[in-house]
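Residue numbers (UniProt numbering): 1 to 240. Yeah, the Cβ is synthetic: ideal placement off N, Cα and C, and Gly gets one too. Model, not experiment: these values are computed from the prediction. Written out below as structure tokens is the structure these notes cover.
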């Protein structure tokens, strides 16, 4: 049963994609799914339960099972922008610029960029929408001397694109750390979620082609709109 459940959940996931099932669209009944895939109804129930845990589907008591909203799949091994991630998942992305200003580094940002505490830092705060729904809040910090007059650029577009096209800064690698915490009142209001809802907090340090740290960023993504993946490899000679 365990193997059948995992196999069937993968098959149903593929079915949802290939059949172009839209979010909030009802799936066939358990009986029809069992007949379609040639398994017992109990296996279908177990597979759907697994997909519910993953946020792929949801159920309404007495009605049936429905396709959940599409989540952004983030590959933890790949350095890519939020726009690239969402577009690779077949979603449309839009950006709302909340603010772009020059601030004083202070000790925390000064240490990040190896600058004096009085150095100027450009701070960009943006809301990212996926398929017209607010999904993430992004706060980026870049040494101001690297990006003069950045506030005059079209920051509702790709920040990394602007860095490359306007400032000849090409980001080639990054280091990221993920934690999970509850949304506070202000974050919940901006992200259109409830206070206390789970947020995926991603700290990113991005470096250019010369190895210089260009950006320190923090993104807060609604937990119901994202999932993460990575490939684990065992070193030769190691055993679990």
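- The shortest CA-to-CA distance from residue 129 to any of 159, 221, 177 and 147 is the one to 221.
- A distance of 8 angstroms or more separates the beta carbons of residue 160 and residue 150.
- C-alpha of residue 224 to C-alpha of residue 10: approximately 20 angstroms in a straight line.
- For residue 42, the uninterrupted alpha helix (DSSP H) segment begins and ends at 41–53.
- Secondary structure at residue 176: strand, using DSSP grouped into helix, strand and coil.
- For residue 200, the closest C-alpha among the options 30, 184 and 148 is that of 184.
- DSSP, reduced to helix, strand and coil, places residue 225 within a helical segment of the structure shown.
- Of all C-beta pairs linking the stretch 89–102 to the stretch 125–139, three or more are shorter than 8 angstroms, placing the two stretches in contact.
- Apart from sequence neighbours up to five positions away, the residues of its chain that approach residue 190 with a beta-carbon distance below 7 angstroms are 127 and 137, ordered along the chain.
- By the Cβ-count criterion, residue 141 is buried, with 16 or more other Cβ atoms from all chains shown falling within 10 Å of its own Cβ.
- When only Cα atoms are considered, residue 61 and residue 15 end up about 23 angstroms apart.
- A Cβ-Cβ separation of about 6 angstroms places residue 143 in contact with residue 121 under the 8 angstroms criterion.
- Between the stretch 28–39 and the stretch 50–57 there are fewer than three inter-stretch CB-CB distances shorter than 8 angstroms, so the stretches are not counted as touching.
- Here residue 135 is buried: its Cβ has 16 or more other Cβ atoms, across all protein chains shown, within 10 Å.
- The C-alpha of residue 82 is placed about 15 angstroms away from the C-alpha of residue 70.
- The three-state secondary structure of residue 9, taken from DSSP, is helix.
- When DSSP reads this structure, residue 124 sits in a beta bridge with 100 and 140.
- The straight-line gap separating the alpha-carbon atoms of residue 213 and residue 67 is approximately 41 angstroms.
- Listed in chain order, the alpha helix (DSSP H) elements of length 4 or more contained wholly in the stretch 177–215 are 185–191.
- Counting only residues of its own chain and dropping the five nearest sequence neighbours on each side, residue 47 has a CB closer than 7 angstroms to the CB of 5, 8, 9 and 12.
- If you draw a 10 Å sphere on the C-beta of residue 229, you find fewer than 16 other C-beta atoms in it, and that means exposed.
- Within its own chain, the residues whose Cβ lies closer than 7 angstroms to the Cβ of residue 193, once the five positions on either side in sequence are excluded, are 183 and 222, listed in chain order.
- Annotated as proximal: residue 153 and residue 166, with beta-carbon spacing under 8 angstroms.
- Residue pairing for residue 59: DSSP places it in a beta bridge opposite 65.
- Burial state of residue 23 is exposed, judged by a 10 Å Cβ sphere holding fewer than 16 other Cβ atoms.
- The C-beta of residue 147 has 16 or more other C-beta atoms within 10 Å across all chains shown, which makes the residue buried.
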